[in-house]
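Enquirer:
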Amino acid sequence: MRAKYVLSEVMVGLWRNVTMTIAMIITMAVSLTMLGASGLMYMQVNSMKDFYYDQIEVSIFLKGDVTEEQRSTLDAALKADPLVAEVIYESKEAAYEKFKAMYQDAPDFVNAVKPDTLPESFRVRLNDPEQYRQIVDKYQANEGIDEIVDQRRLLDKIFGILNSVQNMALIAASIMAIAALLLVGNTIQVAAYSKRREVAVMKLVGASNWFIQAPFVLEAVVAGLIGSIIGFGGLVLAKLFLLDGSLRELTDLLTPIEWNSVLLMFPLMAGVGGLVSAATAWVTLRFYLRV
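Residue numbers for the sequence shown follow the numbering used here, so the first one is 139 and each next one is one higher.
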């Protein structure tokens, strides 16, 4: 009987302040969507780091006047180095063929570059990409070497941008979460004020604080869960129609976002939406309304 009464009061309370309830659900949905998106982005950036850093190569470009002896000595030293996993020599001809393939859509640019313009190089893959600096210190002074370039420097810039976007999403989600919490608190205050006489009567007949507060807390929890469902639906649609749809060709740099990562966001969003809403409602009732 008590459970039935509490549930009926929850439904009545949600419908009584329907406009505020809708506003609370929408605000909660937006904030939880941004929270879920930032969580996905955090996981994706880490996945991309693992994927790309594992494939990083160090490019050792040789001088134009490098001798055969210098080239052979460097080749032997790299292949015997315990820091190195793989060494690939790239001649001027091979570099030019790769250049033509990369810029085949810009024939004028290709024609402006002569086959002997591009330098010879060694493409070196390390056992541990973090040891790039050791390779530079070890070989930079060798005769015949013009420059040593690590792809990680470019990737670090890209990941720096992605991390900044991630932080911006977290900040925006935090701001929206604060707005949602304030709206939850205001909605609960209005609901409790509209039932102040019923609350007073229930206190007089000996009803416990939990029994009085339960409908208000559950109202906030239901709104939070509905908001999380809507927010998760937004993530699913974004995955289907944006990441796997119209933006797929524009995001070749990104590793694919798996469905299990998206599904993992739902319990997070539902848990945060439900628990935060319940905590906000309980604090509001306890410290502001003193029921």
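Just so it is clear, CB atoms sit at the ideal spot from N, CA and C, and this is done for glycine as well.
Being a predicted model, the structure only gives us computed values, none of them experimental.
Put Asp288 into one of helix, strand or coil per three-state DSSP.
Expert: The answer is strand: DSSP assigns Asp288 an E or B state.
Enquirer: Of all the options Ile273, Glu258, Gln304 and Ala167, which has the alpha carbon lying nearest to the alpha carbon of Asp284?
Expert: With distances taken between Cα atoms, Asp284 lies closest to Glu258.
Enquirer: Along the chain, where does the beta strand (DSSP E) that runs through Leu200 open and close?
Expert: That run of the beta strand (DSSP E) goes Glu195 to Leu200.
Enquirer: Taking only three categories from DSSP, how would you classify Met158?
Expert: Three-state DSSP puts Met158 in a helix.
Enquirer: Cα separation between Glu235 and Leu221?
Expert: Whole-angstrom Cα-Cα distance: 29 Å.
Enquirer: Taking C-alpha atoms, which residue in Val303, Phe260 and Glu224 lies nearest to Val287?
Expert: Checking every option, the nearest Cα to that of Val287 belongs to Phe260.
Enquirer: Give the straight-line distance between the Cα atoms of Ser366 and Gly411, rounded to the nearest whole angstrom.
Expert: Those two C-alpha atoms are separated by around 6 Å.
Enquirer: DSSP three-state call for Ser229: helix, strand or coil?
Expert: Looking at Ser229 - three-state DSSP - the assignment turns out to be coil, as it is neither helix nor strand.
Enquirer: Within the continuous alpha helix (DSSP H) that includes Val251, where are the two ends?
Expert: Segment: none, Val251 is in no alpha helix (DSSP H) and carries neither H nor E.
Enquirer: Select from Phe379, Asp294, Gly369 and Ala408 the residue whose C-alpha is nearest the C-alpha of Asn184.
Expert: Comparing Cα positions, the closest option is Asp294.
Enquirer: Report back the beta-carbon spacing between Ala358 and Val322 to the nearest angstrom; my notes put them in contact at under 8 Å.
Expert: Right, their Cβ atoms sit about 5 Å apart.
Enquirer: Going by the beta-carbon positions, is the gap between Met172 and Met403 smaller than 8 Å?
Expert: Cβ distance not < 8 Å, so Met172 and Met403 don't count as in contact.
Enquirer: For Leu300, tell me which candidate among Tyr277, Leu178 and Asp219 has the shortest Cα-Cα distance.
Expert: Checked all of Tyr277, Leu178 and Asp219; the closest Cα to Leu300 is Leu178.
Enquirer: Along the chain, where does the beta strand (DSSP E) containing Arg262 start, and where does it finish?
Expert: For the sequence presented, residue 262 should be read as Val rather than Arg. It spans Ser259 to Leu264 - the beta strand (DSSP E) in which Val262 sits, taken as one unbroken run.
Enquirer: Have a look at the DSSP bridge pairing and note the partners of Glu224.
Expert: DSSP, once it has assigned bridges, lists Arg263 as partnering Glu224.
Enquirer: What three-state label does DSSP hand Ile283 in the structure shown?
Expert: Reduced to three states, the DSSP call for Ile283 is strand.
Enquirer: Just to confirm my understanding: we take Ile395, look at its own chain, exclude 5 residues before and 5 after, and list those with CB closer than 8 Å. What are they?
Expert: Leu178, Gln182, Lys377 and Leu381.
Enquirer: How many Å lie between Ala416 and Gly409 at the Cα?
Expert: Distance between the alpha carbons of Ala416 and Gly409 is about 10 Å.
Enquirer: Check whether the Cβ atoms of Ser487 and Leu308 lie closer than 8 Å to each other.
Expert: Within the shown structure, residues of the chain are numbered from 139 to 429, placing residue 487 beyond reach of any answer.
Enquirer: Taking DSSP as the reference, what is the three-state secondary structure of Tyr125?
Expert: Look at the range of the chain in this structure, 139 to 429, and you will see that residue 125 is not part of it.
Enquirer: Are the beta-carbon atoms belonging to Leu256 and Lys230 less than 8 Å from one another?
Expert: Going by C-beta atoms, Leu256 is nearer than 8 Å to Lys230.
Enquirer: Identify whether Ile395 lies in helix, strand or coil by the three-state DSSP scheme.
Expert: If DSSP states are grouped into helix, strand and coil, Ile395 belongs with coil.
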